[in-house]
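Encoded as structure tokens, the structure appears first; notes follow it.
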Amino acid sequence: MKKIVLLCSEGMSTCFLVSKMKTEALNQGVDCIINSCCESDLGTFKDNMDVLLLAPQIKFLKEEITTKFKNVPIGVINSLDYGTMDGVKVFNQALELLK
1 MKKIVLLCSE GMSTCFLVSK MKTEALNQGV DCIINSCCES DLGTFKDNMD
51 VLLLAPQIKF LKEEITTKFK NVPIGVINSL DYGTMDGVKV FNQALELLK
């Protein structure tokens, strides 16, 4: 089972996106766990994530986070996909990073 984590500054806006991504995972028949968290809680997922997606507003942290989580694929969610809460596109982005 793959574990996907979405990271944003407060963890609130990504909650809506997580819900839409879970629906898409069911539609595609993909067995996974999708969570969201804020930057300060990221350490709790250290050993429990297979891919990490950053919200656009914290993309400036990608380099720093990449050095801390060297074995985890990390991507930045497209601003338009994030703004429209496009769970299908963001879920597919996570799947691409898992390949």
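Those letters in the sequence shown? Residues 1 to 99, per UniProt numbering, in order.
Built from N, CA and C at the ideal position, the CB exists for glycine as well.
All figures in this text were calculated on a predicted structure; none of them were measured in a lab.
Q: Run the CB neighbour count on residue 63, radius 10 Å, all protein chains shown included, and call it buried at 16 or more, exposed below.
A: Here residue 63 is taken as the residue at index 63 of the sequence shown, counted from 1. Classification for residue 63: exposed.
Q. Per DSSP, residue 34 is paired with what?
A. In the sequence shown, residue 34 corresponds to position 34, counting from 1. Partner(s): 4.
Q) Is it the case that the Cβ atoms of residue 35 and residue 51 are separated by a distance below 8 Å? A) As a first step, residue 35 must be located in the sequence shown, where it is residue number 35. As a first step, residue 51 must be located in the sequence shown, where it is residue number 51. For residue 35 and residue 51, no; Cβs fall outside 8 Å.
Q | the stretch 30 to 48 contacting the stretch 76 to 85, beta-carbon criterion three pairs below 8 Å | A | no
**Q.** Integer-rounded CB distance, given that residue 15 should sit under 8 Å from residue 55
**A.** On the sequence shown, position 55 is the one that residue 55 refers to. On the sequence shown, position 15 is the one that residue 15 refers to. Not confirmed; about 11 Å, so no contact.
**Q.** Distance, residue 25 Cα to residue 90 Cα
**A.** Taking the sequence shown and counting its residues from 1, one reaches residue 90 at position 90. Taking the sequence shown and counting its residues from 1, one reaches residue 25 at position 25. Cα-Cα distance, rounded: 11 Å.
Q.
Applying the 10 Å Cβ sphere with the 16-neighbour rule, what's the burial state of residue 53?
A. Here the question's residue 53 lines up with position 53 in the sequence shown. Residue 53 should be labelled buried.
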